[in-house]
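Trainee: Protein sequence lines, in the order shown, are assigned to chains A and B. For the first sequence, this note's numbering assigns the number 4 to the initial residue and increments by one for each residue that follows. For the second sequence, this note's numbering assigns the number 4 to the initial residue and increments by one for each residue that follows. The C-beta atom is built at its ideal place from N, Cα and C for all residues, glycine as well. Here it is, the structure in full.
There are 2 protein chains.
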Amino acid sequence: MTTAATAKPARRTPRARTGTRASAESRIVRSIGEAIADRRLPPGTKLTEESLAEAFGVSRERVRKVLLLLAQRRVVTLIPNRGAFVAKPTPKEAREVFEARRVIERAIMERLERMPRPLPDDVLDKLRGHGALEDAAELAADRKAMIRLSGQFHLLLAEFAGNATLTGILADLIDRSSLAIAAFERRSSHTCSADDHRRLIAALIGNAPGEATALMIEHLDEVERQLDLEAKTDTRIDLKAIFADEHEPA
Amino acid sequence: MTTAATAKPARRTPRARTGTRASAESRIVRSIGEAIADRRLPPGTKLTEESLAEAFGVSRERVRKVLLLLAQRRVVTLIPNRGAFVAKPTPKEAREVFEARRVIERAIMERLERMPRPLPDDVLDKLRGHGALEDAAELAADRKAMIRLSGQFHLLLAEFAGNATLTGILADLIDRSSLAIAAFERRSSHTCSADDHRRLIAALIGNAPGEATALMIEHLDEVERQLDLEAKTDTRIDLKAIFADEHEPA
DNA sequence: GCCTCCAAAATTGTGCACAATCTGCGCGGT
DNA sequence: ACCGCGCAGATTGTGCACAATTTTGGAGGC
Chain A
4 MTTAATAKPA
14 RRTPRARTGT
24 RASAESRIVR
34 SIGEAIADRR
44 LPPGTKLTEE
54 SLAEAFGVSR
64 ERVRKVLLLL
74 AQRRVVTLIP
84 NRGAFVAKPT
94 PKEAREVFEA
104 RRVIERAIME
114 RLERMPRPLP
124 DDVLDKLRGH
134 GALEDAAELA
144 ADRKAMIRLS
154 GQFHLLLAEF
164 AGNATLTGIL
174 ADLIDRSSLA
184 IAAFERRSSH
194 TCSADDHRRL
204 IAALIGNAPG
214 EATALMIEHL
224 DEVERQLDLE
234 AKTDTRIDLK
244 AIFADEHEPA
Chain B
4 MTTAATAKPA
14 RRTPRARTGT
24 RASAESRIVR
34 SIGEAIADRR
44 LPPGTKLTEE
54 SLAEAFGVSR
64 ERVRKVLLLL
74 AQRRVVTLIP
84 NRGAFVAKPT
94 PKEAREVFEA
104 RRVIERAIME
114 RLERMPRPLP
124 DDVLDKLRGH
134 GALEDAAELA
144 ADRKAMIRLS
154 GQFHLLLAEF
164 AGNATLTGIL
174 ADLIDRSSLA
184 IAAFERRSSH
194 TCSADDHRRL
204 IAALIGNAPG
214 EATALMIEHL
224 DEVERQLDLE
234 AKTDTRIDLK
244 AIFADEHEPA
């Protein structure tokens with residue numbers, strides 16, 4: 004069910020080719036991760052092993068392994084004997100994730116600003132190329148593409164800074180940001196505006212000292228500010244509040 | 004073999020009590036992690052699933068799961084069809100890990116310095132208590148205790164800063180630092196001197212602005228400086244260089 | 001009418017057997 | 001004497017069957 008149109012019957016081939024094993028796993032991880040990021044799988048969704056196995060055409064233990072990896076990255080929550088759920092961050096956790104991003108991305112921007120000018124051509128090309136992609140996605144109102152590209156933009160800057168370890172940490176934090184946005188986004192909010200990214204690129208190229216760093220901090224603050232991080236500690240309270248006026252007392 | 008004195012025959016009880024399942028896993032993770040940190044398991048060591056299973060008295064798939072978790076944390080390396088090995092970081096990776104620690108721990112120290120004075124009593128108590136423990140370990144020349152306590156000290160500061168997400172990230176980086184130290188430590192180096200920690204505690208309590216942060220950065224720099232992070236990119240290159248003058252051309 | 005309890009169904013957890021792969025070693029050919 | 005080949009032995013990878021647990025649905029009692 005759902006959009007599992009890929010459930011081709013090639014599930015159990017007579018000869019198990021193990022060559023595509025590891026890539027299949029990371030493919031599934033990425034696929035689920037993206038689905039969570041662009042809200043096709045909202046926080047709290049139950050992820051039944053059997054369903055996922057059918058959807059991806061793999062065995063259940065493969066899915067189990069993938070879920071363990073995603074749980075390690077705090078993208079899904081594993082409850083013993085209950086199963087896997089798309090993680091539903093608390094407001095506290097959401098704030099922590101954004102604070103962690105500010106810490107790491109400030110350091111990344113400071114390193115980028117310290118790089119000798121002009122920036123290497125390939126860096127400039129990739130920055131401008133990515134900016135064009137974001138513009139196109141915004142013009143086409145392709146929300147899913149915008150979300151994906153927005154995350155990739157921050158990752159791209161991290162890669163230019165040249166610390167793969169920090170980049171890896173940031174990749175996790177970006178995934179969790181997407182989760183936090185999915186959980187706490189207000190109606191009619193515009194995620195990660197491509198305009199901020201445009202200004203960031205310009206500041207980075209122009210290199211007014213400290214400007215790009217300041218813009219990045221302001222950008223992250225703005226994204227966090229667009230969230231509704233009040234109370235909302237429990238789903239049950241939510242349901243009661245939502246249906247309060249539909250429950251006729253007599 | 005090895006120190007597997009815990010191989011009690013209770014390996015396969017007729018009724019499998021699943022109650023102690025999750026705790027057993029984290030226990031094994033911690034146990035292996037500590038063994039790696041204090042060099043009982045040096046980088047590159049092969050971790051055979053069967054051996055570990057016997058050593059901990061659990062089934063092989065339990066061990067497999069634990070190894071997957073450790074691999075995710077970059078503490079062990081998983082090579083397909085070859086098995087698990089204690090990770091052997093490259094000099095580049097070691098430098099990256101220390102840079103990442105400087106980024107995160109600087110932020111933590113800045114937050115601690117921004118806390119209102121005097122610091123809460125329980126914080127002061129824990130700081131002083133930990134300092135006493137480190138002193139005792141140093142006095143007793145208990146190297147394993149010193150390594151463990153040193154890591155705990157940095158983690159303690161992170162907890163006081165109140166961001167569990169950053170603390171979790173730092174915990175991973177500390178483990179990888181231990182690995183880097185094990186891989187690149189010079190002979191006759193003194194790890195993480197308890198003296199640095201003493202000064203850090205004093206600066207934190209006294210609160211001369213910026214002093215504690217500066218001490219932390221200097222402390223991390225000093226630990227990294229004690230490592231030998233030259234060349235050594237590959238074992239083969241090493242071998243060629245080492246035996247270059249023993250290869251007679253005629 | 002509502003609550004409690006129990007059994008069936010669904011889902012997750014785990015041991016086991018076997019398949020696939022890698023490593024080490026000896027044999028035969030050139 | 002050296003190189004390739006191939007055959008055990010050991011180790012990892014995976015599907016499957018079954019056990020344990022939770023959830024669901026309904027019957028019975030208060």
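#1: Quick check on the burial criterion: 16 or more other C-beta atoms within 10 angstroms. Buried or exposed for Asn84(A)?
#2: On a Cα-Cα basis, can you pick out the residue from Glu162(B), Leu160(B), Ala135(B), Ala161(B) that is closest to Met149(B)?
#3: With Arg87(A) as the anchor, note down where its beta strand (DSSP E) starts and where it stops.
#4: Can you list the residues of chain B that Val100(A) reaches, using a CB-CB cut of under 9 angstroms?
#5: For the region 70 to 88 of chain B, which residues have a CB atom closer than 9 angstroms to at least one CB atom of chain A, in sequence order?
#6: Would you please state the rounded distance, in angstroms, between the beta carbons of His200(B) and Phe156(B)? I believe it to be under 8 angstroms.
#7: Compile a chain-ordered list of the residues in the region 100 to 120 of chain A whose CB is closer than 8 angstroms to at least one CB of chain B.
#8: Compare the beta carbon distance of Ala183(A) and Ala97(A) with 9 angstroms and say whether it is the shorter of the two.
#9: Of all Cβ atoms in chain A, is any one closer than 9 angstroms to the Cβ of Glu233(B)?
#10: Which residues in chain A sit within 8 angstroms of Ile172(B), going by Cβ to Cβ distance?
#11: With Leu182(A) as the anchor, note down where its alpha helix (DSSP H) starts and where it stops.
#12: If we call anything under 9 angstroms between Cβ atoms a contact, is Pro92(A) one with Pro46(A)?
#13: If we count the other Cβ atoms within 10 Å of its Cβ and call it buried at 16 or more, is Ala110(A) buried or exposed?
#14: Of all Cβ atoms in chain A, is any one closer than 9 angstroms to the Cβ of Glu162(B)?
#15: Below 8 angstroms on the Cβ atoms is my guess for Ala90(B) versus Val79(B); work out the distance and round it to an integer in Å.
#16: Quick check: is the beta carbon of Glu96(A) nearer than 9 angstroms to any beta carbon in chain B?
#17: Does the beta carbon of Ala19(A) come closer than 9 angstroms to any beta carbon on chain B?
#18: Of the choices Leu152(A), Leu127(A), Lys129(A), Asp128(A), whose alpha-carbon is the least far from that of Glu137(A)?
#19: Compile a chain-ordered list of the residues in the region 28 to 62 of chain B whose CB is closer than 9 angstroms to at least one CB of chain A.
#20: What are the start and end residues of the beta strand (DSSP E) that includes Val79(B)?
#21: Figure out for me which residue from Val69(B), Ala205(B), Glu64(B) has the closest Cα to the Cα of Arg30(B).
#22: Leu230(A) to Thr168(B), Cα distance in whole Å?
#23: Just checking my contact of Arg65(A) with Glu28(A) at CB under 8 angstroms: how many whole Å lie between their CB atoms?
#24: Could you tell me whether any Cβ in chain A is nearer than 9 angstroms to the Cβ of Leu223(B)?
#25: Quick check on the burial criterion: 16 or more other C-beta atoms within 10 angstroms. Buried or exposed for Arg228(B)?
#26: Are the Cβ atoms of Gly165(A) and Arg105(A) separated by less than 9 angstroms?
#27: Could you tell me the distance, in whole angstroms, from the CA atom of Glu233(A) to the CA atom of Pro212(B)?
#28: Using the beta-carbon of each residue, which ones in chain A are nearer than 8 angstroms to Lys68(B)?
#29: Buried or exposed: where does Arg207(B) fall if 16 or more other Cβ atoms within 10 Å of its Cβ makes it buried?
#30: What is the DSSP secondary structure of Leu230(A), reduced to helix, strand or coil?
#31: Using a threshold of 9 angstroms, state whether the C-beta atoms of Met256(B) and Met118(B) are closer than that.
#32: My guess is that Ile172(A) and Ala40(B) are in contact by the Cβ rule of under 8 angstroms, so how many angstroms apart are they, rounded?
#33: For Leu81(A) and Leu176(A), I'd like the C-alpha separation in whole angstroms.
#34: Considering Cα atoms alone, identify which of Phe59(A), Arg120(A), Arg131(A), Ser196(A) is closest to Arg146(A).
#35: Considering only residues of the region 99 to 173 of chain B, which uninterrupted alpha helix (DSSP H) runs meet the minimum length of 4 residues and lie entirely inside it, listed in chain order?
Mentor: Checking against the coordinates, here is how it stands:
#1: Indexing the first sequence from 1 puts residue 84(A) at position 81. The residue is exposed, with fewer than 16 neighbouring Cβ atoms inside 10 Å.
#2: Your numbering for residue 149(B) matches position 146 in the second sequence. For Met149(B), the nearest C-alpha among the options comes from Ala135(B).
#3: Numbered from 1 along the first sequence, position 84 holds the residue referred to as residue 87(A). Checking the sequence, you will find Ala at residue 87(A) rather than Arg. Run containing Ala87(A): 86 to 89, per the beta strand (DSSP E) assignment.
#4: Residue mapping note: residue 100(A) aligns to position 97 of the first sequence, counting from 1. Result: Thr168.
#5: Leu71, Leu72, Gln75, Arg76, Arg77, Pro83, Asn84
#6: What you label residue 200(B) is simply residue 197 of the second sequence in a count that begins at 1. What you label residue 156(B) is simply residue 153 of the second sequence in a count that begins at 1. Contact holds; Cβ gap of about 5 angstroms.
#7: Val100, Glu102, Ala103, Val106, Ile107, Ala110
#8: Locating residue 183(A) in the first sequence gives position 180, counting from the first residue. Locating residue 97(A) in the first sequence gives position 94, counting from the first residue. For Ala183(A) and Ala97(A), yes; Cβs fall inside 9 angstroms.
#9: Residue 233(B) sits at position 230 when you count from the first residue of the second sequence. Glu233(B) does not count as touching chain A.
#10: One-based indexing of the second sequence puts residue 172(B) at position 169. Residues of chain A passing the Cβ test: Ala103, Ile172.
#11: Within the first sequence, the letter at position 179 stands for residue 182(A). Leu182(A) -> alpha helix (DSSP H) spans 167 to 187.
#12: For this step, residue 92(A) is matched to residue 89 along the first sequence. For this step, residue 46(A) is matched to residue 43 along the first sequence. Yes, these two residues count as a Cβ contact at 9 angstroms.
#13: Sequence index remark: in the first sequence, residue 110(A) carries index 107 (1-based). It counts as buried.
#14: Walking along the second sequence from the start, residue 162(B) turns up at place 159. No, its Cβ sits nowhere closer than 9 angstroms to a Cβ of chain A.
#15: For the purposes of this step, residue 90(B) is taken as the residue at position 87 of the second sequence. For the purposes of this step, residue 79(B) is taken as the residue at position 76 of the second sequence. Going by Cβ atoms, the distance from Ala90(B) to Val79(B) rounds to 6 angstroms, so yes, they are a contact pair.
#16: The residue labelled residue 96(A) in the question sits at position 93 within the first sequence. Output row for Glu96(A): interface = yes.
#17: Indexing the first sequence from 1 puts residue 19(A) at position 16. At Ala19(A), the pLDDT of 38 sits below 50, so the modelled position is not reliable and the matter cannot be decided from this model.
#18: In the first sequence, residue 137(A) corresponds to position 134, counting from 1. Taking only the C-alpha atoms, the option nearest Glu137(A) is Leu152(A).
#19: none
#20: For the purposes of this step, residue 79(B) is taken as residue 76 along the second sequence, with counting starting at 1. That run of the beta strand (DSSP E) goes 79 to 82.
#21: Your numbering for residue 30(B) matches position 27 in the second sequence. It is Val69(B) whose Cα lies nearest to the Cα of Arg30(B).
#22: Taking the first residue of the first sequence as 1, we reach residue 230(A) at position 227. Taking the first residue of the second sequence as 1, we reach residue 168(B) at position 165. Each residue's alpha carbon lies about 19 angstroms from the other.
#23: The count along the first sequence starts at 1 and reaches residue 65(A) at position 62. The count along the first sequence starts at 1 and reaches residue 28(A) at position 25. Arg65(A) to Glu28(A), Cβ: 7 angstroms. Contact.
#24: Residue mapping note: residue 223(B) aligns to position 220 of the second sequence, counting from 1. Answer no: the Cβ-Cβ gap between Leu223(B) and chain A never drops below 9 angstroms.
#25: Counted from its first residue, the second sequence places residue 228(B) at position 225. The residue is exposed, with fewer than 16 neighbouring Cβ atoms inside 10 Å.
#26: On the first sequence, position 162 is the one that residue 165(A) refers to. On the first sequence, position 102 is the one that residue 105(A) refers to. The answer is no: Cβ separation not under 9 angstroms.
#27: To locate residue 233(A), count along the first sequence from 1; it is residue 230. To locate residue 212(B), count along the second sequence from 1; it is residue 209. Straight-line Cα distance between these residues: approximately 33 angstroms.
#28: As a first step, residue 68(B) must be located in the second sequence, where it is residue number 65. Correct list: Leu71.
#29: Counted from its first residue, the second sequence places residue 207(B) at position 204. It is Leu, not Arg, that sits at residue 207(B) in the sequence shown. Answer is buried; the Cβ neighbour count reaches 16.
#30: Translated into the one-based positions of the first sequence, residue 230(A) becomes position 227. Strand.
#31: Outside the displayed range of chain B (4 to 253) lies residue 256(B), so it cannot be described from this structure.
#32: Against the first sequence, residue 172(A) aligns to sequence position 169. Against the second sequence, residue 40(B) aligns to sequence position 37. That belief does not hold up - the Cβ atoms of Ile172(A) and Ala40(B) are roughly 20 angstroms apart, past 8 angstroms.
#33: Here residue 81(A) refers to the residue found at position 78 of the first sequence. Here residue 176(A) refers to the residue found at position 173 of the first sequence. C-alpha separation (whole angstroms): 19 angstroms.
#34: Position 143 of the first sequence, counted from the first residue, corresponds to residue 146(A). Selected option, being the one with the closest Cα: Ser196(A).
#35: 124 to 142, 146 to 164
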